[in-house]
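What follows is a short report on a single structure.
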Amino acid sequence: MKQVPILGVLQVETFDIALAAGQIDTGCYFRLLDQAGTQRAELVARLIADLEKVDCGLRQALANFDRAALRLHSHVLISLAGTFGAIALHRTAQTLNQSAHHIDTATNGNLGTIGHMALAQLGNLIDFVAQTIDAP
Amino acid sequence: MIKTPSPILPPLLLIEDTPSLQMVYRAVLHTAGHQVAIAGTAAEGLALFHELTPTVVVLDLVLPDRDGLDLMQDLLALRPQTKVIVITANGSINKAVEAMRAGAHEFLVKPFDEQRFLGVIENAGLARKPVRREQLPLPSVPTSSEAFIGSSATMSRVHHKIHSVARSMATVFITGESGTGKELCALAVHDNSPRAAGPFIALNCGAIPQDLLESEVFGHMKGSFTGAVSDKPGAATAADGGTLFLDEVCEMAPALQTKLLRFLQTSTVQPVGATRPRKVNVRIVCATNRDPLDAVRRGQFREDLYYRLYVVPIHMPPLRERGNDVIEIAEAALIRFASEEGRSFEGLDPSVSSLFRRLSWPGNVRQVLNVIRNVVVLNEGGLVTPEMLPPDLGADSTPGGTTPASPPIAQANLSLDDLVGLSLAEVEEKVIRATIAAHGGSIPKAARVLDVSPSTLYRKVESWSQG
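Below you can see the structure in the form of structure tokens.
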């Protein structure tokens, strides 16, 4: 289980991470891999790279409460999660993106909570995708 | 099956910065037979645009080196006839609105399903011929493709069935509740068929007085009855070479059902008052929001006609069975209506999305469109919050739910005697409510008839509901 730094204090996540297997439309995911044909391995590798880039960007953005960066990375995450069938992460990313658009600074606490939920689900998705590199 | 890319069509330019998404879109487009050039930044996109002169550009509005909207404006300045399809996630819906106002051809909200993606690309002019379409008066239907938006498995099955049946000549029978997009389904069957270049004639059998319906379907000769001042070809003749769509077919009177059956058996039409029939080549698509077999059991619909028409059934699912499609539809409608009304909305608040998913939507897509139109007209912009929604929406009180007011639906038949003795304001309210009721609860349709803007009617109805 990943540990997520929150404002410099290490905590084990207290919110519901949910298993990746139950949160991903595997039919959708593998259909895209099949469509990639001989470039399947390359697609998986690029997907992992894209997800890890978002992961890194979100962590920095959350640490600094950088709303512009949160909007940017959650925008990419909405696209990736939605396209590849990560249903719950897609919704979380949408919520994060909408929260990051709000100017009201009283939602910083909410941003942190939603952001770390997104990171947890994102971590599960990266683990899932990594397992499919050699899957038939 | 992978189609061979056409050497005649110019490549499509895709400007998307996320590498894995580039690969997915390219694979989808290649499979459909399109050549694709890909750029990962605005600068690369502009360079490829100069080099390749594509007719269609698919452009992500959020790019690493530049705002996608700025880039779009540069592309259109260089070549105004370019069809730019903008893509965005829902957090940037207001940017999609701006893009539409600035000249974008169409928008897509990520993640979009493959069918819709390819449909939008093809509609942008890569592979379509112009079609001639005529429509006789119909009750209000979704005036855009919102009914076909949706990435749910349920709608994917509908899309698949449409593509499967479109190529044949078999009669298609579409069922579904009011507001689910049956006419759009019929149009999709026509557009995907070999008859796409021919006419698409739609006729609502429930909206036309029964004593005029035979003339509307089969035409009449001048002088054949009082009011027949000239020859009229009729819908079946007008659809020759194309598709005839009969909506609410179960409302057809028994005598006309007999004539329709003969038409289906012989492919000939005989206008009212004509001495000789003529042969026509028409594909029939029909629809009803009733249970056709139940109509047969009740003796309201001929059994032999039912079996003649019910060859390939397609059922348009109610919105409540389409999962998250209601959100995709609402967001697309928000963009379109905001653009039309000159407003700027950011999207749906999570509590609104959650509410929308829970509602049963008895009026289906039409109801969603009316709710979103109501929100856009009565509010300036920002995030759509629960406070902006019609007050009775959560109660799901009105079948069809197309008006925000809670009083009973007004009777459609209003006589002058009902109005004498009332104040002018009361007369106006009665006439407006009766007009809305006469058009199936559709405010936009009633507004067209009354020659006022829909926003005027929404404001009046809202003010009456507030007492």
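Going line by line, the protein sequences match chains Z and S.
Under my numbering, the first residue of the first sequence is numbered 244, with each subsequent residue one higher.
Under my numbering, the first residue of the second sequence is numbered 203, with each subsequent residue one higher.
Note that the Cβ used here is the ideal one computed from N, Cα and C, for glycine as well.
The structure displayed is predicted, hence computed values, not measured ones.
Member of Z:Q364, Z:S342, Z:L362, Z:A363 whose CA lies at the smallest distance from the CA of L354 (chain Z): As a position in the first sequence, residue 354 (chain Z) is number 111, starting the count at 1. When each option's Cα is compared against that of L354 (chain Z), the closest is Z:S342.
What is the rounded straight-line gap between the Cα of S555 (chain S) and the Cα of H359 (chain Z)? Residue mapping note: residue 555 (chain S) aligns to position 353 of the second sequence, counting from 1. Residue mapping note: residue 359 (chain Z) aligns to position 116 of the first sequence, counting from 1. Cα to Cα, the separation comes out at about 21 Å.
Measuring only the C-alpha atoms, how far is Q502 (chain S) from Y509 (chain S)? As a working mapping, residue 502 (chain S) is identified with position 300 in the second sequence. As a working mapping, residue 509 (chain S) is identified with position 307 in the second sequence. Looking at the two C-alpha atoms, the distance is approximately 14 Å.
Take A497 (chain S) and list the residues in its own chain whose beta-carbon comes closer than 7 Å to its own, dropping the five residues that flank it on each side. Here residue 497 (chain S) is taken as the residue at index 295 of the second sequence, counted from 1. Only C452, F503 meet the Cβ criterion.
Neighbourhood of L277 (chain S) by C-beta, 7 Å cutoff - its chain only, sequence neighbours within 5 removed: Along the second sequence, read from residue 1 onward, the residue named residue 277 (chain S) stands at position 75. Counting only Cβ-Cβ distances below 7 Å, and skipping sequence neighbours, we find F251, V259, T284, V286.
From the DSSP output, which residues share a beta bridge with L585 (chain S)? Position 383 of the second sequence holds residue 585 (chain S). Paired residues: S:G549.
Within 10 angstroms of its Cβ, does R500 (chain S) collect 16 or more other Cβ (buried), or is it exposed? If you number the second sequence from 1, residue 500 (chain S) lands on position 298. By the 10 Å Cβ count, R500 (chain S) comes out exposed.
Please compile the residues from chain Z whose C-beta is within a distance smaller than 8 Å of the C-beta of P593 (chain S). As a working mapping, residue 593 (chain S) is identified with position 391 in the second sequence. Correct list: empty, because the minimum Cβ distance to chain Z is about 24 Å.
Where DSSP assigns a beta bridge to V286 (chain S), which residues make up the other side? For this step, residue 286 (chain S) is matched to residue 84 along the second sequence. BP columns for V286 (chain S) point to S:V259.
Helix, strand or coil, according to DSSP, for N406 (chain S) in the structure here? Residue numbering aside, residue 406 (chain S) sits at position 204 when the second sequence is read from its first letter. Strand, per DSSP.
Quick test of your reading: L550 (chain S) and I529 (chain S), contact by CB under 8 Å. State the CB separation rounded to the nearest angstrom. Counting from 1 along the second sequence, the entry for residue 550 (chain S) is found at position 348. Counting from 1 along the second sequence, the entry for residue 529 (chain S) is found at position 327. The Cβ separation is near 7 Å, so the contact holds.
State the DSSP-derived secondary structure class of K424 (chain S), mapped to helix, strand or coil. For this step, residue 424 (chain S) is matched to residue 222 along the second sequence. Coil, per DSSP.
Alpha carbon to alpha carbon, how far is L521 (chain S) from V622 (chain S)? For this step, residue 521 (chain S) is matched to residue 319 along the second sequence. For this step, residue 622 (chain S) is matched to residue 420 along the second sequence. Between L521 (chain S) and V622 (chain S), the C-alpha separation is close to 43 Å.
If you run the structure through DSSP and keep just helix, strand and coil, what is E450 (chain S)? One-based indexing of the second sequence puts residue 450 (chain S) at position 248. Correct three-state label for E450 (chain S): coil.
At the 8 Å Cβ level, is H344 (chain Z) part of the contact set with chain S, yes or no? Numbered from its first residue, the first sequence carries residue 344 (chain Z) at position 101. Yes, contact with chain S.
Across the segment 274-283 of chain Z and the segment 301-314 of chain Z, are there enough close Cβ pairs to call them in contact, namely three or more that are closer than 8 Å? no
Could you give the DSSP three-state label for K434 (chain S): helix, strand or coil? Position 232 of the second sequence, counted from the start, is the residue given in the question as residue 434 (chain S). Of the three classes helix, strand and coil, the one that applies to K434 (chain S) here is strand, per DSSP.
Kindly indicate which three-state DSSP category V287 (chain Z) falls into: helix, strand or coil? For the purposes of this step, residue 287 (chain Z) is taken as the residue at position 44 of the first sequence. Correct three-state label for V287 (chain Z): helix.
Starting from P213 (chain S) and walking both ways along the beta strand (DSSP E), at which residues does that stretch end? The residue labelled residue 213 (chain S) in the question sits at position 11 within the second sequence. Run containing P213 (chain S): none; DSSP gives neither H nor E here.
Tell me whether T637 (chain S) is buried or exposed, calling it buried when 16 or more other Cβ atoms sit within 10 Å of its Cβ. On the second sequence, position 435 is the one that residue 637 (chain S) refers to. It is buried - the Cβ of T637 (chain S) has at least 16 other Cβ atoms within 10 Å.
Please identify, using Cβ separations under 8 Å, the residues of the segment 309-322 of chain S that lie next to chain Z, in order along the chain. K312, P313
Throw me the rounded Cβ distance for the V471 (chain S) and G421 (chain S) pair, which I believe falls under 8 Å. If you number the second sequence from 1, residue 471 (chain S) lands on position 269. If you number the second sequence from 1, residue 421 (chain S) lands on position 219. Correct: roughly 7 Å between the Cβ atoms.
Could one say the Cβ of N340 (chain Z) lies closer than 8 Å to chain S's Cβ atoms, at least one of them? Residue 340 (chain Z) sits at position 97 when you count from the first residue of the first sequence. Closer than 8 Å: yes.
Should A312 (chain Z) and L368 (chain Z) be called a contact, given that it needs their Cβ atoms to be closer than 8 Å? Position 69 of the first sequence, counting from 1, holds the residue named residue 312 (chain Z). Position 125 of the first sequence, counting from 1, holds the residue named residue 368 (chain Z). The answer is no: Cβ separation not under 8 Å.
Whose Cβ in chain S lies nearer than 9 Å to the Cβ of L362 (chain Z)? Translated into the one-based positions of the first sequence, residue 362 (chain Z) becomes position 119. Correct list: empty, because the minimum Cβ distance to chain S is about 18 Å.
Proximal chain A residues relative to G235 (chain S), where beta-carbon distance stays under 7 Å: Going by chain labels, chain A is absent from the structure shown, which instead holds the protein chains Z and S.
Assign Q467 (chain S) to one of two classes, buried (16 or more other C-beta atoms within 10 Å of its C-beta) or exposed (fewer than that). Counting from 1 along the second sequence, the entry for residue 467 (chain S) is found at position 265. Classification of Q467 (chain S): exposed, given that the 10 Å Cβ count is below 16.
By the three-class DSSP mapping on this structure, what secondary structure does D269 (chain S) have? As a position in the second sequence, residue 269 (chain S) is number 67, starting the count at 1. Strand.
May I ask which residues mark the beginning and end of the alpha helix (DSSP H) holding F251 (chain S)? In the second sequence, residue 251 (chain S) corresponds to position 49, counting from 1. Taken as a continuous stretch (DSSP letters only), the alpha helix (DSSP H) holding F251 (chain S) covers 244-254.
Which value, in whole angstroms, describes the spacing of the CA atoms of I403 (chain S) and A437 (chain S)? Reading the second sequence from its first residue, position 201 is the one you call residue 403 (chain S). Reading the second sequence from its first residue, position 235 is the one you call residue 437 (chain S). Going from the Cα of I403 (chain S) to the Cα of A437 (chain S) covers about 6 Å.
Going by Cα to Cα distance, which pick from S:A640, S:K662, S:A639, S:I645 is closest to E630 (chain S)? Mapped onto the second sequence, residue 630 (chain S) falls at position 428. Closest option to E630 (chain S), Cα to Cα, is S:K662.
Taking A440 (chain S) as the reference, give the member of S:L595, S:D413, S:R480 with the closest Cα. The residue given as residue 440 (chain S) occupies position 238 in the second sequence. Minimum Cα distance to A440 (chain S) is reached at S:R480.
For K693 (chain S), which three-state DSSP category applies? Nothing about residue 693 (chain S) can be read from this structure; chain S reaches only from 203 to 669.
Name the residues in the segment 221-232 of chain S whose C-beta lies less than 8 Å from a C-beta of chain Z; which are they? P221, S222, L223, M225, V226, A229, V230
Taking Cβ to Cβ, would you say L332 (chain Z) is nearer than 8 Å to I357 (chain Z)? Along the first sequence, one-based indexing puts residue 332 (chain Z) at 89. Along the first sequence, one-based indexing puts residue 357 (chain Z) at 114. No, Cβ-Cβ distance for L332 (chain Z) and I357 (chain Z) is not below 8 Å.
Quick one: list the residues of chain Z neighbouring G549 (chain S), beta-carbon separation under 9 Å, in chain order. For the purposes of this step, residue 549 (chain S) is identified with residue 347 of the second sequence, where counting begins at 1. Near G549 (chain S) (Cβ distances below 9 Å), the residues of chain Z are Q337, N340, Q341, H344.
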